[in-house]
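There are 2 protein chains.
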Amino acid sequence: MRRFGFSTLTFVTIALAATAFADGHAQPAPDDTVKARRALMGTIGYHTGILGNMAKGEMPYDAAMATAAAENISAAATMNRLTIWIEGSGVGAAEGTRAKPDIWSDPAGFETAAMGLETAAATMVMAAGTDLDALRGAMQGLGAACSTCHKAYRAPAN
Amino acid sequence: MRRFGFSTLTFVTIALAATAFADGHAQPAPDDTVKARRALMGTIGYHTGILGNMAKGEMPYDAAMATAAAENISAAATMNRLTIWIEGSGVGAAEGTRAKPDIWSDPAGFETAAMGLETAAATMVMAAGTDLDALRGAMQGLGAACSTCHKAYRAPAN
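Sequence order for the protein chains is A and B. Residue numbering for the first sequence follows my numbering, beginning at 1452 and increasing consecutively. Residue numbering for the second sequence follows my numbering, beginning at 1452 and increasing consecutively.
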């Protein structure tokens, strides 16, 4: 659709020209959103794994590492949900996702569940560096926040 | 190695017993760290793509979506690096990574590069919601921060 030679145009001019011919997608492609969401869940899972392994005694307790893990869960949990939970990127609309339509049909419930993770993660940030007992105490809330949201808003695996 | 019947022990007791027999890994498995780091880069890439597509006119400018994307890049950029850039998870020590040994042999240089992304992301958070011109202006700094770090600390693709 582009009618201009690229070599004769500056970046900005190209950008403006492309605007004129843009096909109007107002949001990222669903497949990209699914990948990004899975990446974010991977980030949360990795850091929860560190804390969980410390809680279970499978990794030596390290206050700095535990605090870093908690901070990163909190950073992921508090990310702006607008780019991540885009309607049309759930089960039935996109591949490779277990995001249930309830996320969009019950936005208040989903927001409550998401806030539950934000709160549990903030609690973990305060607890993780204190000692192993405090970490273990906060782990229960963190696990509960994960499972509460997954039970309501994540479809079963296959 | 466990000598106790699980059914007779509480979670905490199991955890303490497991501590005694833990094999002493003081950090996550390198493969897990690589996956988590790639996930984080995926999160940054997805959101940079949103801003880049708006800058190029391939996605309609949307102040809220642009701000959300910038906030999420900033959240990812400011994550605690302790769990993500673990020595022994780079090229030569782990599979599926392009993280160069220079990250650990030149920690001050790497920190400067990482801070460059933090600063560029913070600038984008302020600019993205203003208007498309402001977004485009901040995009140059963001792209420069990405490429500065990648040139120095990411190995070429195969």
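Backbone N, C-alpha and C fix where the C-beta goes; we use that ideal spot for every residue, glycine too.
Endpoints, alpha helix (DSSP H) assigned at residue i
i              : result
residue 1501/A : 1481 to 1506
residue 1553/A : 1553 to 1556
residue 1533/A : Where residue 1533/A is concerned, there is no enclosing alpha helix (DSSP H), given that its DSSP letter is neither H nor E.
residue 1604/B : 1583 to 1604
Contact set between residue i and chain B, taken where Cβ atoms lie within less than 8 angstroms
i              : result
residue 1497/A : 1479, 1483, 1484, 1486, 1487, 1490 and 1534
residue 1515/A : 1533
residue 1510/A : 1473, 1476, 1477, 1478 and 1479
Within-7 angstroms CB hit, residue i to chain B
i              : result
residue 1594/A : no
residue 1590/A : no
residue 1585/A : no
residue 1530/A : yes
Distance, residue j Cα to residue i Cα
i              : j              : result
residue 1524/A : residue 1499/A : 7 angstroms
residue 1583/A : residue 1577/A : 12 angstroms
residue 1561/A : residue 1554/A : 6 angstroms
residue 1597/B : residue 1550/A : 31 angstroms
residue 1538/A : residue 1531/A : 15 angstroms
residue 1601/A : residue 1497/B : 23 angstroms
residue 1567/A : residue 1607/A : 21 angstroms
residue 1528/B : residue 1536/A : 20 angstroms
residue 1502/A : residue 1571/A : 13 angstroms
residue 1594/B : residue 1507/B : 13 angstroms
residue 1599/A : residue 1569/A : 13 angstroms
residue 1478/B : residue 1511/B : 44 angstroms
residue 1476/A : residue 1588/B : 22 angstroms
residue 1519/B : residue 1547/A : 24 angstroms
residue 1515/A : residue 1603/A : 33 angstroms
residue 1586/A : residue 1490/A : 25 angstroms
residue 1609/B : residue 1509/B : 30 angstroms
residue 1488/A : residue 1559/B : 32 angstroms
residue 1544/B : residue 1482/A : 32 angstroms
residue 1552/B : residue 1565/A : 38 angstroms
residue 1579/A : residue 1493/A : 20 angstroms
residue 1473/B : residue 1581/A : With a pLDDT of only 41 at residue 1473/B, under 50, the local geometry of the prediction cannot be trusted, and the value read off the model is given with reservation. If I take the Cα positions, the gap works out to 21 angstroms.
Amino acids of chain B, ordered along the chain, whose beta-carbon sits closer than 7 angstroms to that of residue i
i              : result
residue 1609/A : Per Cβ cutoff of 7 angstroms: no residues; residue 1609/A is ~21 angstroms from chain B at best.
residue 1501/A : 1479 and 1534
CB contact below 7 angstroms: residue i versus chain A
i              : result
residue 1430/B : In this structure chain B extends from 1452 to 1609, so residue 1430/B is not present and cannot be described.
residue 1520/B : yes
residue 1579/B : no
residue 1526/B : yes
residue 1582/B : no
Where residue i meets chain A, residues with beta-carbon distance less than 7 angstroms
i              : result
residue 1601/B : Those do not exist, as residue 1601/B stays about 18 angstroms from chain A at its closest Cβ, beyond 7 angstroms.
residue 1567/B : None at all; the shortest Cβ gap to chain A is about 19 angstroms.
residue 1493/B : 1486, 1487 and 1490
Cross-chain neighbours of residue i in chain A, by beta carbon under 9 angstroms
i              : result
residue 1546/B : Ordered by position in chain A, no residue passes the 9 angstroms Cβ test against residue 1546/B, which lies about 16 angstroms from the chain.
Chain-ordered neighbours of residue i on chain A, where CB pairs are closer than 8 angstroms
i              : result
residue 1550/B : Near residue 1550/B there are no residues of chain A at all, since even the closest Cβ is about 15 angstroms away, more than 8 angstroms.
Min CB distance residue i to chain E below 7 angstroms
i              : result
residue 1608/B : The displayed structure is made up of protein chains A and B, and chain E is not among them.
Residue i CB to nearest heavy atom of the ligand COA below 6 angstroms
i              : result
residue 1583/B : As far as ligands go, the structure on display features none, and thus does not contain the ligand COA.
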